[in-house]
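Right, here's the structure in full:
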């Protein structure tokens, strides 16, 4: 079995040169990753950046949960 | 009053992003461990073919990792924007595991993924194997932290409510870390991920064998997937049972809903194999029951009952009444922190505050709730029974089917008879989508079954949402659907293209050599 493995190994190293597809493939993956990050950044800027957030502190949370006397409620 | 359409949109957005994200995660988890097994065989035997197998499957792992990485970050976007009250209320506890998850995923995992791909010629055999093992460990650790955060939502421990800051504050990090629900969820989810990886390798290898391509690699890969997959699919059953048992202790309503157990039966309760739950009439039509099974599984005893939905709603009614007291006392306490009577009343009822908050869906001040509103709030603690009932049964059915698939594969692998049973190879290929369906259904059972709570018994989901304009959520939801659909399509396209080219077409292993040995 060990000899068989060695033969296979020799065949592989003689048959296969570094595959040219790898460089192209890596480039494609890098471009896709860049597009993905750009799309995520765009979504963040458009919908989730700090300008879109509701500021919540203890007072706001208290009003949200109706934990203020009714006369003082604004929420 | 809360705008429930905004809450529904925020929930839909979160659910969709979580479900999309979980298309990538289990394959990363599963393939990373299979890579460790293959490379370990290479290091132990020195046979080149195992190295080439590791590289080929590693390339597919890399595609999925690249497409999947950072897809979970969109959920963190949403915490800040769509769930501002949730973030304020529980951010102190929820934030820490999320931050650790980010560190694990982006730094530990990504660093070792880089070393895995570029380290083959630079590291020793054993050194590279350690790197591969660290990739798998990093994947699992990032899953661990996110599941610790999730388990805290199911079973909040190690935290106390501060009435002045209006936040849940961490009182014991070790309690959060060692939350039994987190441990059970982690092993169950990771084992399910291993099953996804195993089915992926099994299906792709079966496809090669059906076409007589890459036979040497496919046979070995099939053998690894069969044995690892069999062990993991059996583990999923045991670990899922543990998850169910913990839920029967901590989330009784979830279990009652999954089992469509409307009324408490005499112990041990029967398991409904089939039935048509009716959420309006509060009954299950045409049910087919197996005696004792549910009672034995859920309580691990023959004399402990599994509480039915009606009894649990009655309990909720009592807790809502207590929650009204807690809410009223807290209102006074926030205005007059030194009020001893209000303090004493709040301390007496504080565990039921969350139940009192359920009423804010129906009335501006819980103290003025009518009997009908209390009744509606009590019934709102029941999740969608029909959805949970069926999602759970389909998930379990798929799980059992996969055990059968892996057991057959294991048997055929041991007898070296894969090629003679083309029906099996076809079945293995067709099984490819099943573990993803089961995993997604599992999430639906876990998270939809938690409703109406964001944090079980503490914070109702509708109170966690921010008052963001509905149009803004609808637009960002469209953006996410387009983004994730494109990402999933590219992932499938790249994986399919590379699988079609195969180890022979990509230069990982010479095709002529394999064909000669057929």
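Chains as they are written, first to last, in the numbering used here: chain A, 1 to 75; chain B, 76 to 593. Here a beta-carbon is modelled for each residue, glycine too, at the ideal position from N, C-alpha and C. Since the structure is predicted, the reported quantities are computational estimates derived from the model, not experimental observations.
Query, Result
"Backbone CA spacing between residue 420 (chain B) and residue 240 (chain B) [nearest angstrom]", "19 Å"
"Rounded separation between residue 479 (chain B) and residue 274 (chain B) - CA only", "12 Å"
"Among B:585, B:568, B:577, B:558, the one whose alpha carbon lies nearest that of residue 91 (chain B)", "B:558"
"Residues of the region 539-551 of chain B with Cβ closer than 9 Å to any Cβ of chain A, in chain order", "541, 542, 543, 547, 548, 550, 551"
"Inter-stretch contact at 8 Å, needing at least 3 Cβ pairs: the region 207-225 of chain B / the region 157-177 of chain B", "yes"
"Residue 109 (chain B) to residue 456 (chain B) span [Cα, whole Å]", "42 Å"
"Short CB-CB distance (under 8 Å) between residue 8 (chain A) and chain B", "Note that residue 8 (chain A) scores 45 on pLDDT, short of 50, meaning its location in the model is unreliable and no value can be drawn from it."
"C-alpha distance - residue 318 (chain B) paired with residue 155 (chain B), whole-angstrom precision", "30 Å"
"Residue 506 (chain B) versus B:549, B:475, B:126, residue with shortest Cα-Cα distance", "B:475"
"Beta-bridge partners of residue 359 (chain B), as assigned by DSSP", "B:352"
"Sufficient close CB pairs (3 or more, under 8 Å) joining the region 183-200 of chain B to the region 263-277 of chain B", "no"
"Same chain only: Cβ atoms within 8 Å of residue 41 (chain B), ignoring 5 sequence neighbours per side", "The requested residue 41 (chain B) is not part of the displayed model; chain B covers only 76 to 593."
"Residue 584 (chain B) in three-state terms, based on DSSP", "coil"
"Partners in chain A for residue 164 (chain B), counting only beta-carbon separations shorter than 8 Å", "61"
"Cutoff 8 Å: residue 24 (chain A) Cβ touching any chain B Cβ", "no"
"From B:302, B:402, B:369, residue whose alpha carbon lies closest to that of residue 428 (chain B)", "B:402"
"C-beta atoms of residue 150 (chain B) and residue 96 (chain B) nearer than 8 Å", "yes"
"Cβ distance (whole Å) where residue 160 (chain B) is taken to contact residue 56 (chain A) below 8 Å", "6 Å"
"Separation of residue 145 (chain B) from residue 48 (chain A), as counted between CA atoms", "15 Å"
"Residue closest to residue 340 (chain B), alpha-carbon to alpha-carbon, out of B:367, B:566, B:333, B:287", "B:367"
"Collapsed DSSP secondary structure at residue 326 (chain B) in the structure displayed", "coil"
"Sequence ranges, alpha helix (DSSP H) only - wholly within the region 232-269 of chain B, length at least 4", "248-252"
"Start and end residues, beta strand (DSSP E) containing residue 51 (chain A)", "Run containing residue 51 (chain A): none; DSSP gives neither H nor E here."
"CB-CB length for residue 513 (chain B) against residue 470 (chain B), believed under 8 Å", "5 Å"
"Beta strand (DSSP E) segment containing residue 528 (chain B), residue limits", "528-530"
"Neighbour flag for residue 174 (chain B) against chain A, beta carbons, 8 Å", "no"
"N- and C-terminal bounds of the alpha helix (DSSP H) containing residue 378 (chain B)", "Per DSSP, residue 378 (chain B) belongs to no alpha helix (DSSP H) and is neither H nor E."
"Unbroken alpha helix (DSSP H) run spanning residue 468 (chain B), endpoints", "460-489"
"CB contact flag (residue 538 (chain B), residue 405 (chain B), <8 Å)", "no"
"Which listed residue (B:113, B:227, B:131, B:410) has its alpha carbon closest to that of residue 532 (chain B)", "B:227"
"Proximity below 8 Å, CB of residue 344 (chain B) to CB of residue 304 (chain B)", "no"
"DSSP three-state assignment for residue 445 (chain B), whether helix, strand or coil", "coil"
"Contact set for residue 7 (chain A): own chain, Cβ-Cβ below 8 Å, skip 5 residues either direction", "A caution first: residue 7 (chain A) carries a pLDDT of 40, below 50, which makes its placement in the model too unreliable to give a value."
"Beta carbon of residue 529 (chain B) nearer than 8 Å to that of residue 81 (chain B)", "no"
"Element boundaries [alpha helix (DSSP H), containing residue 44 (chain A)]", "Element bounds for residue 44 (chain A): n/a, residue is neither H nor E."
"CB contact flag (residue 399 (chain B), residue 442 (chain B), <8 Å)", "yes"
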